[in-house]
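S.K.:
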Amino acid sequence: MKTITDKLIRPEIERRAFLKNCSKTLPSLLLLVASFDVQQLMAKENGVYDPTEHNYAMGINIKKCIGCARCADACKSENKVPRKPHFFRTWVERYVIPEEGEPIVDSPNGGIDGYPEISQKLHIQRTFFVPKLCNHCVKAPCVQVCPVGATFNTKDGVVLVDPKWCVGCRYCIQACPYGARYLHPETNVADKCTFCYHRITDGKLPVCVEVCPTQARIFGEKGQKSSPLRRFFRFNEIHTLKPGLNTKPKVYYAGLDGEVI
38 MKTITDKLIR PEIERRAFLK NCSKTLPSLL LLVASFDVQQ LMAKENGVYD PTEHNYAMGI
98 NIKKCIGCAR CADACKSENK VPRKPHFFRT WVERYVIPEE GEPIVDSPNG GIDGYPEISQ
158 KLHIQRTFFV PKLCNHCVKA PCVQVCPVGA TFNTKDGVVL VDPKWCVGCR YCIQACPYGA
218 RYLHPETNVA DKCTFCYHRI TDGKLPVCVE VCPTQARIFG EKGQKSSPLR RFFRFNEIHT
278 LKPGLNTKPK VYYAGLDGEV I
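So the sequence shown is numbered by the numbering used here: it starts at 38 and just counts up by one.
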């Protein structure tokens, strides 16, 4: 017959036995976990990332952009873009549409320094902001004109520049219909947006997407059901810049005004 004392003591005995077993198995378990982490790290270094399994693209919702240009500022810091005017991997343009006359477009220091006040005499119909960057075209003119193959399309849908091959001829800068390239003043090679390639291949977002306070920028993979771009395409009317050029851009805009296209 079991007594109340037995019932009180028995759980303690089982607890002691459990801890004793843990003391025997825990070192082996920790060793297994440690070896797993090392294997994962080595696998990453050995190039487990497979570019053929990805197809990157970006979506931008014009209606959500507030022109804060945090994207442009963060891009300069992340990618060591010169802190000088006219050197940007991404920037934000303000479009001012008056009742009469041509649209006014400005982007002082890429939008980082803010925008001047609009004269009330213009009788403005509407204003909006449009982030710009390299469109990572499938049929990229910059790739076609590069005489040494320094500019190329990656297998995961990104257009990159190999600085070791670039000779600074500027052909790609002239060929880009989106004005998204510049010649780096220190290295004298072509430079532009890379979708933060060093980040996305590590499973992170481009820094411009990460810092956007309104989630105006969306990054993901085309054709993948779990990609945030799928919802972006589904619920918005999508446009690209200068579609008549047939460059097949991979930066897609929602709410894009006809004055921009």
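Heads up, the beta-carbon is just placed ideally off N, CA and C, and yes, glycines get one too.
Quantities reported herein were computed from a predicted structural model and do not represent experimental measurements.
(1) Taking the alpha-carbon of Pro178 as reference, which of Trp128, Gly292, Tyr289 and Thr284 has the nearest alpha-carbon?
(2) DSSP three-state label for Glu90, please.
(3) If you count every other CB in all the chains shown that lies within 10 Å of the CB of Pro184, and 16 or more means buried, which is it?
(4) Trp202: which of Phe189, Phe125, Pro280 and Ile141 sits nearest, CA to CA?
(5) Do Cys245 and Arg236 have their C-beta atoms within less than 8 angstroms of each other?
(6) Measure the alpha-carbon distance for Leu159 versus Arg131 and round it to whole angstroms.
(7) Jot down the residue ranges of each uninterrupted alpha helix (DSSP H) in the segment 163-222, minimum 4 residues, whole runs only, in chain order.
(8) Going by the CB atoms, is the gap between Lys229 and Cys174 shorter than 8 angstroms?
(9) Look up Leu78 in the DSSP assignment and say whether it is helix, strand or coil.
(10) Take the Cβ of Ser60 as the centre, count every other Cβ of all protein chains shown within 10 Å, and call the residue buried at 16 or more, exposed below.
(11) Out of Val182, Lys192 and Phe256, point me to the one whose CA is closest to Arg207's CA.
(12) Can you give me the start and stop residues for the beta strand (DSSP E) that Pro135 sits inside?
(13) I believe Ile161 touches Pro135 by the beta-carbon criterion, under 8 angstroms. Please report the beta-carbon distance rounded to the nearest angstrom.
(14) Going by DSSP, which residues form a beta bridge with Arg107?
(15) Does the beta-carbon of Arg107 have 16 or more other beta-carbons within 10 angstroms, so that it is buried, or is it exposed?
(16) Less than 8 angstroms between the CB atoms is what I'm expecting for Ile141 and Val129, so what's the real figure, rounded?
(17) If Gly257 and Ala94 are in contact, beta carbons under 8 angstroms, what's the gap, nearest whole angstrom?
(18) Hey, how far is the Cα of Ala299 from the Cα of Val248?
M.R.: In this structure, then:
(1) Measuring from the Cα of Pro178, the nearest candidate turns out to be Thr284.
(2) Helix.
(3) When all chains shown are included, Pro184 counts as exposed.
(4) For Trp202, the nearest C-alpha among the options comes from Phe189.
(5) No, Cβ-Cβ distance for Cys245 and Arg236 is not below 8 angstroms.
(6) The alpha-carbon of Leu159 is positioned some 15 angstroms away from that of Arg131.
(7) Restricting attention to alpha helix (DSSP H) runs no shorter than 4 residues, the segment 163-222 encloses them at 178-182 and 208-212, ordered along the chain.
(8) Cβ atoms of Cys174 and Lys229: not closer than 8 angstroms.
(9) Residue placement at Leu78 is poorly supported in this model, since its pLDDT is 31, which falls under 50; the coordinates are not used for a value here.
(10) Because Ser60 carries a pLDDT of 49, less than 50, the predicted location of this residue cannot be relied on, and no value is offered for it.
(11) It is Val182 whose Cα lies nearest to the Cα of Arg207.
(12) Annotation: the continuous beta strand (DSSP E) that includes Pro135 extends over Thr127 to Pro135.
(13) Between the beta-carbon of Ile161 and that of Pro135 there is about 6 angstroms, and that keeps the pair under the 8 angstroms contact cut.
(14) Looking at the DSSP output, Arg107 bridges to nothing.
(15) Buried, since its Cβ has 16 or more Cβ neighbours within 10 Å.
(16) Ile141 to Val129, Cβ: 15 angstroms. No contact.
(17) Right, the Cβ-Cβ distance comes to about 7 angstroms (below 8 angstroms), so this counts as a contact.
(18) The first residue shown for the chain is 38 and the last is 298, placing residue 299 beyond what the model contains.
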